[in-house]
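Here's the structure we're looking at; comments come further down.
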Amino acid sequence: MIETIGITGGIGSGKSVVSRALTSMSVPVYDCDSRAKALYDESQELREGMIDLLGEAIYDTPDGRINRPLLSSRIFADAALLARVNALVHPAVRRDFDHWRRRQEAEGYTLCGLESAILVGQALEQMIDRLVVVAAPLELRLKRAAARDRTTEEAIRQRMAHQLSQQELIERGDAVVYNEPHRPLLPQLWDLLEQIHSVGVKPSSA
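Converting from the sequence shown to the working numbering requires adding 74 to each position, the first position being numbered 1.
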């Protein structure tokens with residue numbers, strides 16, 4: 075049975091950096107964010123659900139793909155609508171991940187990763203065996219995220235306020251990987267993999 079490590083962390087922590095490093099170490103990683111975006115167009119079931127919820131206009135684009143600006147404008151200030159959209163997207167992602175994981179197992183992998191910014195407290199958390207939190211100092215996270223998203227550090231702080239704090243994530247996690255200049259990343263990941271292979275799966279503390 076293939077084992078799954080969940081990879082999460084706050085904004086600007088460097089989850090994707092850790093995922094890419096693990097991939098280079100022969101641990102395939104499923105990126106929830108990129109797959110969720112793709113599934114709006116690839117999943118017929120999700121597509122039909124979105125049309126039922128938001129109307130045909132949501133796919134009225136030259137290439138027939140979802141109108142992302144329209145979707146963003148509709149859910150930006152409507153928490154109830156956002157919850158209904160998530161109720162469609164999250165099950166689609168879980169199904170997609172399950173199929174992806176089965177393919178990895180069929181190819182001979184014994185360990186895979188699942189990267190998600192909102193993994194803790196979600197149904198996806200039940201699909202992992204171990205939760206790894208990517209951590210970094212707040213000021214570094216602010217600078218990274220502001221540069222990446224071309225916005226202000228204050229805007230990033232406002233987004234952070236709607237997520238679990240880094241300390242809360244660490245308390246929920248089974249292991250912590252520090253993504254900061256004075257702590258080389260690869261040795262930490264090799265240690266993590268050695269621990270997983272030596273002691274086996276440790277159920278997530280959730």
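The beta-carbon is built from N, C-alpha and C at its ideal position, and this holds for glycine as well.
Only a predicted model underlies this, so the values are computations on that prediction, with no experimental measurement involved.
For this session: Spell out the partners DSSP gives A249 in its beta bridges.
Result: V206
Exercise. When DSSP labels each residue in this structure, what does L155 get in the three-state scheme?
Worked result: If DSSP states are grouped into helix, strand and coil, L155 belongs with the helices.
For this session: Identify every run of the alpha helix (DSSP H) within the stretch 188 to 237, keeping only runs that are complete inside it and at least 4 residues long; order them along the chain.
Result: Within the stretch 188 to 237, the complete alpha helix (DSSP H) segments of 4 residues or longer fall at 212 to 223, 227 to 234, listed in chain order.
Problem set entry | Pairwise C-alpha distance: L127 and R215 | 36 Å
Problem set entry | Other residues of its chain near W174: CB distance less than 6 Å, five sequence neighbours each side excluded | Y104
Exercise. For the beta strand (DSSP E) that D105 lies in, which residues bound it at each end?
Worked result: D105 -> beta strand (DSSP E) spans 103 to 105.
Exercise. In chain order, what residues of the same chain have a beta carbon less than 8 Å from the beta carbon of L113, not counting five sequence neighbours either side?
Worked result: Same-chain partners within the cutoff: L120, V163, A166, V167, D170.
Exercise. Does the Cβ of M75 have 16 or more other Cβ atoms within 10 Å, making it buried, or fewer, making it exposed?
Worked result: With fewer than 16 Cβ atoms within 10 Å of its Cβ, M75 is classed as exposed.
For this session: In the DSSP assignment, find the beta strand (DSSP E) that holds E77 and state where it starts and stops.
Result: 77 to 83
Exercise. Are V251 and V208 close, meaning C-beta to C-beta below 8 Å?
Worked result: yes
Exercise. Could you give the uninterrupted runs of the beta strand (DSSP E) lying entirely in the stretch 85 to 128, keeping only those of 3 residues or more?
Worked result: 103 to 105
For this session: Work out the CA separation of L260 and R222 for me, nearest whole Å.
Result: 23 Å
Exercise. If we count Cβ pairs, one from each stretch, closer than 8 Å, do we get three or more for the stretch 172 to 187 versus the stretch 122 to 140?
Worked result: no
For this session: Alpha carbon to alpha carbon, how far is G138 from H236? Give it in angstroms, no decimals.
Result: Rounded to whole angstroms, H236 to G138 spans 33 Å at the Cα level.
For this session: Answer with buried or exposed for R257, where buried requires no fewer than 16 other C-beta atoms within 10 angstroms of its C-beta.
Result: exposed
Exercise. On the three-state DSSP scale, how would you describe R142?
Worked result: helix
Problem set entry | Closer than 8 Å to chain E by CB, V167 | Considering every chain present, this structure includes no chain E. It has just one protein chain.
For this session: Report the three-state DSSP secondary structure of T135 (helix, strand or coil).
Result: T135: coil per DSSP, three-state reduction.
Problem set entry | Straight-line gap, S117 to I85 (C-alpha atoms, nearest Å) | 28 Å
Exercise. If we call anything under 8 Å between Cβ atoms a contact, is N253 one with A210?
Worked result: yes
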